[in-house]
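Throughout the sequence shown, residue numbering follows full-length UniProt numbering, covering 1 to 173 in sequence.
No residue lacks a Cβ here, since even glycine has one placed at the ideal position from N, Cα and C.
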Amino acid sequence: FCRSIPSLVMAELCAEGRKFGRWFWIKNDGHGLFENAYKTKCYCWIENRCMFASVEKEKSSHGKHAFLTFQLEDWQAFVYDKTKFDLRHSSEDRVVRFKAQSPEDCQKWVTTLMQASVFKSPELIGCIKYESRPMEKEDAFQLVEADGMNFKDIDVGFKCNKDIMLAAVRQNG
């Protein structure tokens, strides 16, 4: 899936045959007033345009882990605090909140989620991340050429949220 993706972030997807993964804390909506809302740890990874989360259960629950699956074409990621991000379902009124260990981890993960969901086919040539900048297809052509990639016919996919605009590029044909 990711052998043709030279992007630094996506390169981690293939490192030693592993999927791109990180530890996060997932928000517990049923927390008490003085209780930490982000005390449940989970390991998240991306595979086949899905984000999976293995959530550690409380000691009183049966089994050690619960598994959550988020199909990235149906869920959008949004950074809402320096270290926190949402996954919001596009058609249902569902939000799942996560907390990263650092602002860098949070930003990197949200960017990776956006990259993984841009194209249905895996022939991704490169990804260019921009901070809130409106962009047309012609702008993306110029920026890709400025990055040293010259293609006569490319496909450009855009993913946007309030903090990030991502242009993902692949060659047609």
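For residue 90, which three-state DSSP category applies?
Counting from 1 along the sequence shown, the entry for residue 90 is found at position 90. Reduced to three states, the DSSP call for residue 90 is coil.
Below 7 Å CB to CB, which residues in the same chain sit around residue 89 once its five sequence neighbours on both sides are set aside?
On the sequence shown, residue 89 is found 89 positions in, with the first residue counted as 1. Excluding positions up to five away in sequence, the list reads 74, 75.
Whole-angstrom Cβ separation of residue 55 and residue 68, contact assumed at under 8 Å?
Taking the first residue of the sequence shown as 1, we reach residue 55 at position 55. Taking the first residue of the sequence shown as 1, we reach residue 68 at position 68. With a Cβ gap of about 6 Å, residue 55 and residue 68 count as contacting.
Suppose the cutoff is 6 Å on Cβ atoms and the five residues either side in sequence are ignored; what does the same chain contact list for residue 97 look like?
If you number the sequence shown from 1, residue 97 lands on position 97. Hits under 6 Å: 27, 86.
Which whole-angstrom value is the C-beta distance of residue 83 and residue 99, which I expect to be below 8 Å?
The count along the sequence shown starts at 1 and reaches residue 83 at position 83. The count along the sequence shown starts at 1 and reaches residue 99 at position 99. Contact holds; Cβ gap of about 6 Å.
For residue 76, the first and last residue of its enclosing beta strand (DSSP E)
Residue numbering aside, residue 76 sits at position 76 when the sequence shown is read from its first letter. Per DSSP, residue 76 belongs to the beta strand (DSSP E) from 75–79.
How far does the beta strand (DSSP E) with residue 54 in it reach, from first residue to last?
The residue given as residue 54 occupies position 54 in the sequence shown. Looking at the DSSP string, the run of the beta strand (DSSP E) that includes residue 54 is 50–56.
Just to confirm, is the Cβ distance from residue 24 to residue 50 under 8 Å?
One-based indexing of the sequence shown puts residue 24 at position 24. One-based indexing of the sequence shown puts residue 50 at position 50. No, these two residues do not count as a Cβ contact at 8 Å.
Report yes if the C-beta distance between residue 115 and residue 79 is below 8 Å; otherwise report no.
Walking along the sequence shown from the start, residue 115 turns up at place 115. Walking along the sequence shown from the start, residue 79 turns up at place 79. Contact: no.
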